[in-house]
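Enquirer: If you're matching positions, the sequence shown starts at 158 in my numbering and goes up one per residue.
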Amino acid sequence: MPTSQNGRVAVYLDFDNIVLSQYDRVHGRNAFGRDRQRIIEQTNDPEISKKLREAVVDVGAIIDYASSFGTLVLTRAYADWSSPVNADYRSQLVSRAVDLVQLFPAAAYAKNGADIRLAVDTVEDMFRLDDLTHVVIVAGDSDYVPLAQRCKRLGRYVVGIGVAGSTAKALTAACDEFAMYDSLPGVEQISQEPQAQRPRRGRQTSERREQEAPNPQPLEDEPKKGASTEPVEVSSDPTADAVETIDLDDGDDLETEMTGLLIRALWLSQEKDDSGWLYSSAVKQQMRRMDPSFNEKSLGFRSFSDFLKSRSDVAELEESGHERLVRLRDQSA
């Protein structure tokens with residue numbers, strides 16, 4: 158198998174499959190089938206909107222995981238992008254340079270033929286791109302078993318990604334490596350929040366609507382009452398206070414984002430190397446694959462080592478001679 162240092166990776170996402178599977182995993186078996194009509198016709202319904210938010214798919218986690226195998230040569234997502242469920246992901250996918258392949262269903266509620274189109278494009282790309290080393294198939298359908306077998310036969314390393322509970326065992330066996338979406342770095346933290354809010358069901362729906370109805374009123378009244386509340390103690394000039402808040406939030410968000418990027422890069426890299434310690438240059442390369450805009454100098458650091466030292470609470474750095482090794486700090490300690 159080619160190493161992740163020189164691997165060239167193609168990623169193919171059966172997006173409908175992943176979104177539907179994640180919805181069923183969060184809300185129960187066949188939940189999407191039961192709610193399909195409401196999702197299509199009542200996209201602004203508060204209950205449906207809440208369910209979709211709880212079952213949101215972190216596309217970035219999938220693409221970051223695929224990048225741990227090498228340079229992403231191409232990334233394609235197959236779905237009916239006119240569907241409201243998928244349309245919400247378009248900006249997120251486009252920002253990660255994912256090619257969106259439009260597939261219209263042949264009839265109402267019929268399959269859109271993503272498996273056939275995805276398989277044809279994959280085989281074509283393998284013959285067209287001789288240097289392709291890895292094929293990442295993001296789906297859980299057993300229809301992709303022949304495709305995975307053909308890719309292996311043509312000398313490619315096949316990686317599968319699927320949702321737990323909706324992935325065929327035959328597909329996991331057909332791949333060289335298979336990862337469950339739930340276990341990808343970053344996904345667990347993101348999916349915990351919706352699950353903690355999920356205990357509202359059935360008869361509690363009316364209670365939730367009663368709670369939501371009066372909420373906009375306090376929000377409108379707050380500026381009127383603000384003269385005697387805590388925000389005034391921070392600054393007597395509302396304009397200056399707003400500017401300072403935005404600047405601080407932007408800086409804090411960037412710091413948090415870069416720390417999260419480092420943690421995910423270390424996590425992904427250590428899964429490929431059991432020794433624990435990694436060359437800092439390899440970690441930086443992985444971070445650049447995940448976010449090409451990353452540059453420690455633009456963050457105010459003279460070197461990548463200085464950036465790592467500033468994150469000593471999450472990363473351990475060991476410098477011996479010309480070698481700089483880093484590993485994820487044991488948080489339990």
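C-beta: ideal position from N, C-alpha, C; glycine also.
#1: Is the Cβ-Cβ distance between Leu465 and Pro342 less than 8 Å?
#2: Within 10 angstroms of its Cβ, does Leu456 collect 16 or more other Cβ (buried), or is it exposed?
#3: Going straight from the alpha carbon of Val292 to that of Glu281, what length do you get?
#4: Go to Tyr169, then tell me how far its beta strand (DSSP E) extends in each direction, as first and last residue.
#5: Suppose the cutoff is 7 Å on Cβ atoms and the five residues either side in sequence are ignored; what does the same chain contact list for Ala439 look like?
#6: In the DSSP assignment, the alpha helix (DSSP H) including Arg285 goes from what residue to what residue?
#7: Mark Gln179 as exposed unless 16 or more other C-beta atoms lie within 10 angstroms of its C-beta, in which case mark it buried.
#8: Does DSSP put Asp394 in a helix, in a strand, or in coil?
#9: Of all the options Cys308, Ile205, Val316, which has the alpha carbon lying nearest to the alpha carbon of Ser225?
#10: According to DSSP, simplified to helix, strand and coil, what is Gln354?
#11: I need the DSSP call for Val315, collapsed to helix, strand or coil.
#12: In three-state DSSP terms, what is Thr200?
#13: Between Gly297 and Ile318, what straight-line distance do the alpha-carbon atoms span, to the nearest angstrom?
#14: Check whether the segment 186-202 touches the segment 238-246, counting contact only when three or more Cβ pairs, one atom from each stretch, lie closer than 8 Å.
#15: Which partner residues does His291 have in the DSSP bridge list?
#16: Can you tell which of Thr228, Met447, Ala327 has the C-alpha that lies nearest to the C-alpha of Pro303?
#17: Which residues in the same chain have their Cβ closer than 6 Å to the Cβ of Ala331, if we skip the five residues on either side of it in sequence?
#18: Ordered along the chain, which non-local residues of its own chain (more than five positions away) have a Cβ less than 6 Å from that of Ile294?
#19: Starting from Leu456, follow the alpha helix (DSSP H) in both directions and report where the run begins and ends.
#20: I believe Arg421 touches Met447 by the beta-carbon criterion, under 8 Å. Please report the beta-carbon distance rounded to the nearest angstrom.
#21: For Asp171, count neighbouring C-beta atoms within 10 Å of its own C-beta (all shown protein chains included) and say buried if the count is 16 or more, exposed if not.
#22: Buried or exposed: where does Ala276 fall if 16 or more other Cβ atoms within 10 Å of its Cβ makes it buried?
#23: Near Leu250, which residues of its chain fall below 7 Å by C-beta distance, leaving aside the five closest residues on each side in sequence?
#24: Which residues in the same chain have their Cβ closer than 8 Å to the Cβ of Trp434, if we skip the five residues on either side of it in sequence?
#25: Consult DSSP for Leu465 and reduce its assignment to one of helix, strand or coil.
#26: Go to Ala254, then tell me how far its alpha helix (DSSP H) extends in each direction, as first and last residue.
Expert: So, from the data block:
#1: no
#2: Result: exposed.
#3: 12 Å
#4: Counting along the chain, the unbroken beta strand (DSSP E) around Tyr169 starts and ends at 165-171.
#5: Ser426
#6: 271-285
#7: Gln179 is buried by the Cβ-count criterion.
#8: Its pLDDT being 42, under 50, Asp394 is placed unreliably by the model, and nothing is read from it.
#9: Val316
#10: With a pLDDT of 43 at Gln354, under the threshold of 50, the modelled position of that residue is not reliable, and the figure given next carries that caveat. Gln354 falls in the coil class under three-state DSSP.
#11: Here Val315 sits in strand by DSSP.
#12: Note: Thr200 maps to coil in three-state DSSP.
#13: For the pair Gly297 and Ile318, the Cα-to-Cα distance works out to about 7 Å.
#14: yes
#15: Val166, Tyr314
#16: Ala327
#17: A distance below 6 Å between beta-carbons, with the five flanking residues on each side excluded, links Ala331 to the following residues of its chain, in chain order: Val302, Ala305, Gln306.
#18: In the same chain as Ile294, and ignoring 5 residues on each side of it, the C-beta atoms closer than 6 Å to its own belong to Tyr169, Tyr301, Gly317, in chain order.
#19: Here Leu456 belongs to no alpha helix (DSSP H), and DSSP marks it neither H nor E.
#20: 7 Å
#21: buried
#22: buried
#23: Val216, Ala234, Leu257
#24: Glu475, Leu482, Val483, Arg484
#25: When DSSP states are grouped into helix, strand and coil, Leu465 belongs to the helix group.
#26: Taken as a continuous stretch (DSSP letters only), Ala254 belongs to no alpha helix (DSSP H), as it is neither H nor E.
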